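Protein chains in written order, with the working numbering: chain A, 27 to 206; chain B, 27 to 206. Heads up, the beta-carbon is just placed ideally off N, CA and C, and yes, glycines get one too. The model shown is predicted, which means the values in this text are computed figures rather than measured ones. Structure record follows, encoded as structure tokens.
There are 2 protein chains.
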Amino acid sequence: MVRPGGRSARVQAAVHTAVRELASEVGRDALTVPMVAQRAGVTPSTIYRRWGDLQVLLSDVAVERLRPDTEPADHGTLASDLRAWAEQFLDEMASPAGRAYIRDALLGDPDGRNAGQCSAYAAEQIDVILRRASGRGEPAPGIETVVDQVVAPLMYRILFRPDGLDAAYAHRLVAGVLGR
Amino acid sequence: MVRPGGRSARVQAAVHTAVRELASEVGRDALTVPMVAQRAGVTPSTIYRRWGDLQVLLSDVAVERLRPDTEPADHGTLASDLRAWAEQFLDEMASPAGRAYIRDALLGDPDGRNAGQCSAYAAEQIDVILRRASGRGEPAPGIETVVDQVVAPLMYRILFRPDGLDAAYAHRLVAGVLGR
DNA sequence: GCGCTTAACGCAATCTGTTTGCGTTAAGGC
DNA sequence: GCCTTAACGCAAACAGATTGCGTTAAGCGC
């Protein structure tokens, strides 16, 4: 159990910051626990005891960075909202940095909690868009349908077939889920 | 460049076998390179030079095990063939062992070649099913459509939302792609 | 077949990351 | 303000990763 405030919180923040800084300085693959510890002003054993190993720590940091920082933009119609969101999602996730974060989030994740969190982020964003559409009186599919037909294909291709992904593909998926 | 025959081939086979055996004996998480090397009758440095690290080796072995060993069964109709295939795919991939293999395949995979191979396996199986349907004169969707609407949702949920997956869900996906 | 070139391997020393016991610090609760 | 204990620091012991160098044996040309 991680104590919420005080020293524990400071250590967590320092370590996360150290990971982000070092990842952008020396590259994600060159990171080591002792390196992160030194930058964070902490001993390696603290990191090992708290996170277990580097992958779990990277998974934590990755989930933080995959959290959307703004609500999806309102473009007036469900179709354009979804199109814009899918486009941005693809942009962020399909980039080398995005793919690295997704992989990290999935891999250092013994109980699947971090992966579930990533999925929840996407679902929340879509929920906002769908509720907005309902508010306008537009007919809208269910969240699960959008996840299955838009989010899942995008993520599948990002992870398993990184080639040939573009905005047009995202648009086709959105058109498909809206019944053409 | 790996020489195709002779000693190199023997070493590769011995190492792969050692990984599979030890994984089932002591558990995948307990594997170490020196342990695998000893079982394979090889020195650790050989493994490090050839694969780089344990993750890459595990990725290789995982892809081997994810290769389907039989053609999809013929049940007489496209709908039943797809249903049966999706069911089996879900069974194999959603199990703890299956998820571990998927994760391994994705993890030690710098260039995305192994992940692409996994995707290709599924596409091949589906291709067989669709061609068979065409041969019968049944109308059939395209491979990409099936990948987007069946494989991708299954894989997305396996990776990001392991809960609440069952055969009924797979059946719904198949029904959806066949136009209900 | 025979020798040549070099990729792949074995060995061993070295280096770096990981683990662990023990003492200390400081949250959180009463 | 005192008490309990989770969290941390330190340092030693351990284990895995890396690398230089010598050796083996594929693959190739003749």
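Check: Distance cut-off 7 Å: arginine 158/A Cβ against heavy atoms of the ligand ATP; Outcome: The ligand ATP is not part of this structure, which contains no ligands at all.
Check: Buried/exposed call for arginine 139/B, threshold 16 Cβ in 10 Å; Outcome: exposed
Check: Cβ contact check for the segment 96-112 of chain B and the segment 56-72 of chain B: 3 or more pairs under 8 Å; Outcome: no
Check: Under the three-state DSSP convention, the category glutamate 150/B falls into; Outcome: helix
Check: Close beta carbons around arginine 158/A, own chain, < 8 Å, minus the five adjacent residues each side; Outcome: Asp100, Leu104, Asp107
Check: Distance CB(alanine 126/A)-CB(proline 179/B) smaller than 8 Å; Outcome: no
Check: Whether isoleucine 152/B touches isoleucine 128/B by CB criterion (8 Å); Outcome: no
Check: is_contact[phenylalanine 115/B, chain A] using C-beta, thresh 8 Å; Outcome: no
Check: Short CB-CB distance (under 8 Å) between arginine 187/B and chain A; Outcome: yes
Check: Cβ-based contacts, 7 Å cut-off: residues of the segment 43-62 of chain B near chain A; Outcome: none
Check: Inter-stretch contact (C-beta, 8 Å, three-pair minimum) for the segment 111-120 of chain A and the segment 184-201 of chain A; Outcome: yes
Check: Simplified DSSP assignment, three categories, for aspartate 55/B; Outcome: helix
Check: Cβ-Cβ distance between aspartate 130/B and alanine 88/B below 8 Å; Outcome: yes
Check: Completely contained alpha helix (DSSP H) runs for the segment 75-140 of chain B, where each covers 4 or more residues; Outcome: 80-92, 104-120, 122-133
Check: Alanine 112/A versus aspartate 86/A: straight-line alpha-carbon distance, rounded; Outcome: 24 Å
Check: Proline 167/A, DSSP secondary structure in three states; Outcome: coil
Check: Under 8 Å by beta carbon: chain B residues contacting valine 177/A; Outcome: Tyr182
Check: Beta-carbon contacts of glycine 67/A that lie in its chain and below 7 Å, excluding the five residues immediately before and after; Outcome: Ala40
Check: Cα-Cα separation between alanine 148/B and isoleucine 155/B, rounded to whole angstroms; Outcome: 11 Å
Check: Own chain, CB closer than 6 Å to valine 45/B, minus 5 neighbours either side, in chain order; Outcome: Val62, Val87
Check: Helix, strand or coil at glycine 67/B [DSSP, three-state]; Outcome: coil
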